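Chemist: The sequence shown begins at 1 in the numbering used here and counts up one residue at a time.
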Amino acid sequence: MELIHRRTSCPLQYIDKGSIMNHGEEEEEEDGAERDQQQQQQPLILERVEKETARSWQSVVSRRLKKHCVCTSKKAKSKVLGFVPILRWLPRYQLRDWLLGDAMSGLIVGILLVPQSIAYSLLASQDPIYGLYTSFFTSIIYAIFGTSRHISAGVFGVLCLLVGQVVDRELALAGYLTESGGIGGGGNDSAVLLADQGNGTVWVGCDKSCYAIAVGATLTFTAGVYQVLMGIFQVGFVSVYLSDSLLSGFATGASLTIFTSQFKYLLGLKIPRPQGWFVLFKTWYSLLTNLANTNVCDLVTSLVCLLILIPVKELNNRFKAKLKAPIPFELFVVIIATLASHFGHFNADYGSDVAGDIPTGFLPPQLPMWSLIPNVAVDAFSIAIVGFAITVSLSEMFAKKHGYTVDANQEMYAIGLCNIVPSFFRCFTSSAALTKTLVKESTGCQTQVSGLVSALVLLLVLLVVAPLFYSLQKCVLAVIILVNLRGALRKFLDIPAMWRVNRVDAAIWLTTMATSALVNTELGLLVGVLVSALSVLGRTQKARVLELGRAPTREHYEDLSSYRGLRTHPTVAVFRYGAPIYYANQSMFKKSLYKSMGLNPVKEKAQLMKFKKKNKQQQEEEVAGVPNMKSEGDGKEEGATVTLMLLKNPRSLRSVVIDCSAVLFLDTAGVNALKEVRKDYAELGIKVVLSQCNTSVLDSLERGGYDGGGDKILFFTIADAVAHLQSLSAPNGDYAGK
1 MELIHRRTSC
11 PLQYIDKGSI
21 MNHGEEEEEE
31 DGAERDQQQQ
41 QQPLILERVE
51 KETARSWQSV
61 VSRRLKKHCV
71 CTSKKAKSKV
81 LGFVPILRWL
91 PRYQLRDWLL
101 GDAMSGLIVG
111 ILLVPQSIAY
121 SLLASQDPIY
131 GLYTSFFTSI
141 IYAIFGTSRH
151 ISAGVFGVLC
161 LLVGQVVDRE
171 LALAGYLTES
181 GGIGGGGNDS
191 AVLLADQGNG
201 TVWVGCDKSC
211 YAIAVGATLT
221 FTAGVYQVLM
231 GIFQVGFVSV
241 YLSDSLLSGF
251 ATGASLTIFT
261 SQFKYLLGLK
271 IPRPQGWFVL
281 FKTWYSLLTN
291 LANTNVCDLV
301 TSLVCLLILI
311 PVKELNNRFK
321 AKLKAPIPFE
331 LFVVIIATLA
341 SHFGHFNADY
351 GSDVAGDIPT
361 GFLPPQLPMW
371 SLIPNVAVDA
381 FSIAIVGFAI
391 TVSLSEMFAK
401 KHGYTVDANQ
411 EMYAIGLCNI
421 VPSFFRCFTS
431 SAALTKTLVK
441 ESTGCQTQVS
451 GLVSALVLLL
461 VLLVVAPLFY
471 SLQKCVLAVI
481 ILVNLRGALR
491 KFLDIPAMWR
501 VNRVDAAIWL
511 TTMATSALVN
521 TELGLLVGVL
531 VSALSVLGRT
541 QKARVLELGR
551 APTREHYEDL
561 SSYRGLRTHP
571 TVAVFRYGAP
581 IYYANQSMFK
591 KSLYKSMGLN
601 PVKEKAQLMK
611 FKKKNKQQQE
621 EEVAGVPNMK
631 SEGDGKEEGA
641 TVTLMLLKNP
651 RSLRSVVIDC
661 SAVLFLDTAG
671 VNALKEVRKD
681 YAELGIKVVL
691 SQCNTSVLDS
701 LERGGYDGGG
711 DKILFFTIAD
721 AVAHLQSLSA
731 PNGDYAGK
């Protein structure tokens, strides 16, 4: 039934043409008058439609502008609550149900943070006080701006290592000696020097430790700026490109470097931290060549602490389900070792290296060293990416476990502010830490109030207890770092299982780990990203065209090589390609399709051209040498016979269905590849159609001019395509519509 669209004063009327009857001249005259009237009204109607269209566009634009540009009290409140999440959940805090768990977890994590913050200062080449500063400020800032309820933000070993490498490099470039690894012996002296620098641009009289603090703070500020900018531009999605295998391999490789770097403290050796590539080999070479200078007091203390901490930490892990809270053995060891060192005069009598004077209170804010930003800009970017990726991955993991959501972009703001604000107080880069987060979750944490409780514990230490750690040996801090690396180093035991589950992910893990540990830590992250990207590209390159067969009892098609009992059609073949078709794999797609069909149209056409050329030469020779020439009809018959001979294949295929259900997208090269396949097979009398294309593929085909020229070439299902192709077949096997 044909529908005619008539423009009238009423909008869009559809009239059945079959119902219009001719009842005489009067009706014809009436119709004619009506048509004349409509023709006169048509300009007015068009003008009205144009005005309505313009008015509708204006309303749409107006609504969009109001939505994005007009500031209302409701929108302002939503923005503020989104940027400062604590204002959203703190008024609804369930004091009776949550306070006990938050207080308990905050107290325990705060106690664990004291020795770990001091210890990780060694990795960052900073004085011990600045590790405490970092954990204190980060705990408060993340509680205010973070969206995760369970994350423990603070010092993290991998980031401390990256910071320490940059600090030592800048110390060497500035001409400072690095025998002591960048840690000054007099914390008060360096703090006073740094506090007297005014606007942060003049650094006259700044010693090695003071300069190390300036480098660490500037690096931390730059990394925080990167993270906030990424949050502003809504690029939180970059975290998805850092897979779990990549992050795990990077962390394990960095842990090997950390493990090696702490041996000089265990042995009491004063050797500089190597710079550049192959740090692991350089460090072991320095250790082996300086073994004769081992400090016996430090070695004995290290062995005793290891013999105590490793068994008790294992007991903690084994009975963590029965214990309401982990026992803080690290803090006990630190207290006992400090008392032993103080009353045994280990520093004065045996030359043991100690933490030194740790000041109390807080220094006034200090601007970063602006002239250093160009030197550390590249390093800060890699540190920013690592810190953000670790924080987001841990946040999402615990949010999924406890049934709530986190905002990746808000996490970027939170961790960026955790670096920018503390950098003015001589802190170094921080992020979420897995070990402390696990402790926090297992001890009853409900909200970030636990982070505020941890900050109170650290504040007490900073104001009162910190000077008591003067005699704490650095070898004890190194032992604490080594013991906390057990989880990362155990990943080596999981390599066989990873290889069995997924060899590609295992290869990414091994490559990233080896590069981070053996070559360079920052380079390991870059190599891991490149290997991950190449593995995805390689999977699309290795995709094969598979022939499908139909299930006996229903119209369902699956791979013939994977299932038994599937049926094929005598003249119609169905193939599936399991990857996007784009510039990098379009050639592989065509080769795989030709191989699966057993018929390469390019080679067939080449053989046909070669045969025709040879046949033409024979005819010319016969015409020149023989008086009786063959008739034109005989020549056509021979050419047809040749063509039929060339088209013979094992299954006598006359049509092909390409299942595009697994083709996620097409680019211009992919569309052209499909065009070439259809054209080449059409010249051999084989029809090619597509089925089960998604909307993205259909749009690409339409934009690329993939047209059947009147023939139907796109189908919703494979069954529809097969039925259509079979209906086109004539009794003699040729296509009726060819």
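Cβ coordinates follow ideal geometry from the N, Cα and C atoms, glycine included. Because the structure is a prediction, the values reported are computed rather than measured.
Could you tell me the alpha carbon to alpha carbon distance between Asn-188 and Leu-462, rounded to whole angstroms?
Modeler: The residue given as residue 188 occupies position 188 in the sequence shown. The residue given as residue 462 occupies position 462 in the sequence shown. Caution is warranted here: a pLDDT of 40 is assigned to Asn-188, below 50, making its placement in the model unreliable, and the coordinate value is therefore given only provisionally. Each residue's alpha carbon lies about 14 angstroms from the other.
Chemist: Distance, Cα to Cα, Leu-434 vs Leu-546?
Modeler: Position 434 of the sequence shown holds residue 434. Position 546 of the sequence shown holds residue 546. In a straight line, the C-alpha of Leu-434 is about 44 angstroms away from that of Leu-546.
Chemist: If you draw a straight line from the alpha carbon of Trp-755 to that of Leu-690, how long is it in whole angstroms?
Modeler: Within the shown structure, residues of the chain are numbered from 1 to 738, placing residue 755 beyond reach of any answer.
Chemist: Are the segment 516-529 and the segment 274-289 touching by the rule of at least three beta carbon pairs closer than 8 angstroms?
Modeler: Under the 8 angstroms Cβ criterion, the segment 516-529 counts as touching the segment 274-289, having at least three qualifying pairs.
Chemist: Return the CA-CA distance between Val-722 and His-556, expressed in angstroms with no decimal places.
Modeler: Within the sequence shown, numbered from 1, the residue matching residue 722 stands at position 722. Within the sequence shown, numbered from 1, the residue matching residue 556 stands at position 556. Roughly 12 angstroms separates the two Cα atoms.
Chemist: Are the segment 597-613 and the segment 689-707 in contact at 8 angstroms, needing three or more beta carbon pairs?
Modeler: no
Chemist: May I ask which residues mark the beginning and end of the alpha helix (DSSP H) holding Phe-145?
Modeler: By one-based count along the sequence shown, residue 145 stands at place 145. That run of the alpha helix (DSSP H) goes 128-145.
Chemist: Grouping DSSP H, G and I as helix and E and B as strand, with all else coil, what is Lys-687?
Modeler: Counting from 1 along the sequence shown, the entry for residue 687 is found at position 687. Here Lys-687 sits in strand by DSSP.
Chemist: Buried or exposed for Pro-570, please, with buried defined as at least 16 other CB atoms from any protein chain shown within 10 angstroms of its CB.
Modeler: Here the question's residue 570 lines up with position 570 in the sequence shown. So Pro-570 ends up on the exposed side.
Chemist: For the beta strand (DSSP E) containing Val-572, name the first residue and the last one.
Modeler: Counting from one through the sequence shown, the residue named residue 572 turns up at place 572. Taken as a continuous stretch (DSSP letters only), the beta strand (DSSP E) holding Val-572 covers 572-577.
Chemist: By the three-class DSSP mapping on this structure, what secondary structure does Val-545 have?
Modeler: Locating residue 545 in the sequence shown gives position 545, where the first residue counts as 1. If DSSP states are grouped into helix, strand and coil, Val-545 belongs with the strands.
Chemist: When burial is assigned at 16 or more other CB atoms within 10 Å of the CB, is Tyr-226 buried or exposed?
Modeler: Here the question's residue 226 lines up with position 226 in the sequence shown. So Tyr-226 ends up on the buried side.
Chemist: Taking C-alpha atoms, which residue in Val-572, Leu-674, Pro-422 lies nearest to Ile-213?
Modeler: Taking the sequence shown and counting its residues from 1, the one referred to as residue 213 is at position 213. For the residues Val-572, Leu-674, Pro-422, the minimum Cα distance to Ile-213 belongs to Pro-422.
Chemist: Quick check on Leu-566: does DSSP put it in helix, strand or coil?
Modeler: Taking the sequence shown and counting its residues from 1, the one referred to as residue 566 is at position 566. Leu-566: coil per DSSP, three-state reduction.
Chemist: Since Ile-213 is in the alpha helix (DSSP H), which residue starts that stretch and which ends it?
Modeler: Translated into the one-based positions of the sequence shown, residue 213 becomes position 213. Per DSSP, Ile-213 belongs to the alpha helix (DSSP H) from 208-232.
Chemist: Assign Asp-349 to buried or exposed, taking buried as 16 or more other Cβ atoms, counted over all protein chains shown, within 10 Å of its Cβ.
Modeler: Here residue 349 corresponds to residue number 349 of the sequence shown, with the count starting at 1. With fewer than 16 Cβ atoms within 10 Å of its Cβ, Asp-349 is classed as exposed.
Chemist: So Ile-358 and Phe-469 are in contact, right, with Cβ under 8 angstroms, and what is the actual spacing, rounded?
Modeler: Here the question's residue 358 lines up with position 358 in the sequence shown. Here the question's residue 469 lines up with position 469 in the sequence shown. The Cβ separation is near 6 angstroms, so the contact holds.
Chemist: Below 8 angstroms on the Cβ atoms is my contact criterion, and I expect Ser-117 with Val-155 to pass it. Report the Cβ-Cβ distance as a whole number of Å.
Modeler: As a working mapping, residue 117 is identified with position 117 in the sequence shown. As a working mapping, residue 155 is identified with position 155 in the sequence shown. That belief holds up - the Cβ atoms of Ser-117 and Val-155 are roughly 5 angstroms apart, short of 8 angstroms.
Chemist: Whether or not the segment 594-604 and the segment 675-684 are in contact is what I'm after, with contact meaning three or more pairs of Cβ atoms, one per stretch, closer than 8 angstroms; do they touch?
Modeler: yes
Chemist: With distances taken Cα to Cα, identify the nearest neighbour of Ala-384 among Gly-164, Thr-222, Gln-448.
Modeler: Indexing the sequence shown from 1 puts residue 384 at position 384. Closest option to Ala-384, judged by alpha-carbon separation, among Gly-164, Thr-222, Gln-448: Thr-222.
Chemist: When the distance is taken between beta carbons, is Ile-140 closer than 7 angstroms to Ala-432?
Modeler: Locating residue 432 in the sequence shown gives position 432, where the first residue counts as 1. Locating residue 140 in the sequence shown gives position 140, where the first residue counts as 1. No, the Cβ-Cβ distance between Ala-432 and Ile-140 is not below 7 angstroms.
Chemist: Measuring CA to CA, which of Gln-619, Trp-89, Leu-112 is closest to Ile-335?
Modeler: Sequence index remark: in the sequence shown, residue 335 carries index 335 (1-based). Ranking Gln-619, Trp-89, Leu-112 by Cα distance to Ile-335 puts Leu-112 first.
Chemist: For Tyr-594, name the three-state secondary structure that DSSP assigns.
Modeler: By one-based count along the sequence shown, residue 594 stands at place 594. Note: Tyr-594 maps to helix in three-state DSSP.
Chemist: What are the start and end residues of the beta strand (DSSP E) that includes Asp-559?
Modeler: As a working note, residue 559 is residue 559 in the sequence shown. Taken as a continuous stretch (DSSP letters only), the beta strand (DSSP E) holding Asp-559 covers 557-559.
Chemist: Rounding to the nearest angstrom, what Cα-Cα distance links Thr-391 and Ala-606 in this structure?
Modeler: Locating residue 391 in the sequence shown gives position 391, counting from the first residue. Locating residue 606 in the sequence shown gives position 606, counting from the first residue. Cα to Cα, the separation comes out at about 60 angstroms.
Chemist: Using 7 angstroms as the threshold, is the C-beta distance between Thr-447 and Ile-151 below it?
Modeler: The residue labelled residue 447 in the question sits at position 447 within the sequence shown. The residue labelled residue 151 in the question sits at position 151 within the sequence shown. No, the pair does not count as a contact, with Cβ atoms beyond the cut-off.
Chemist: I need the DSSP call for Asp-707, collapsed to helix, strand or coil.
Modeler: Translated into positions along the sequence shown, residue 707 becomes position 707. Assigned with DSSP and collapsed to three states, Asp-707 falls in coil, not helix or strand.
Chemist: Report the CB separation of Ser-535 from Val-501 in whole angstroms; it is logged as a contact under 8 angstroms.
Modeler: Within the sequence shown, the letter at position 535 stands for residue 535. Within the sequence shown, the letter at position 501 stands for residue 501. Between Val-501 and Ser-535 the Cβ distance is about 15 angstroms, and since that is not below 8 angstroms, they are no contact.
Chemist: Kindly indicate the opening and closing residues of the alpha helix (DSSP H) around Ile-308.
Modeler: Stepping through the sequence shown from its first residue, residue 308 is reached at position 308. Taken as a continuous stretch (DSSP letters only), the alpha helix (DSSP H) holding Ile-308 covers 296-318.
Chemist: What's the gap between the Cα of Gly-528 and the Cα of Ser-352?
Modeler: As a first step, residue 528 must be located in the sequence shown, where it is residue number 528. As a first step, residue 352 must be located in the sequence shown, where it is residue number 352. Rounded to whole angstroms, Gly-528 to Ser-352 spans 40 angstroms at the Cα level.
Chemist: Bridge partners of Asp-659, per DSSP?
Modeler: What you label residue 659 is simply residue 659 of the sequence shown in a count that begins at 1. Per DSSP, the beta bridge partners of Asp-659 are Arg-576, Ser-691.
Chemist: Would you identify the three-state DSSP class for Ile-15, choosing helix, strand or coil?
Modeler: One-based indexing of the sequence shown puts residue 15 at position 15. Reliability fails at Ile-15, whose pLDDT of 38 lies under 50, so the model's placement of it is uncertain and no value is given.
Chemist: Check for me: the alpha helix (DSSP H) holding Ala-466 runs from which residue to which?
Modeler: Taking the sequence shown and counting its residues from 1, one reaches residue 466 at position 466. Unbroken run through Ala-466: none, as it is neither H nor E.
Chemist: Grouping DSSP H, G and I as helix and E and B as strand, with all else coil, what is Val-504?
Modeler: Counting from one through the sequence shown, the residue named residue 504 turns up at place 504. It is helical.
Chemist: Are there three or more Cβ pairs, one per stretch, closer than 8 angstroms when the segment 365-381 is compared with the segment 309-323?
Modeler: no
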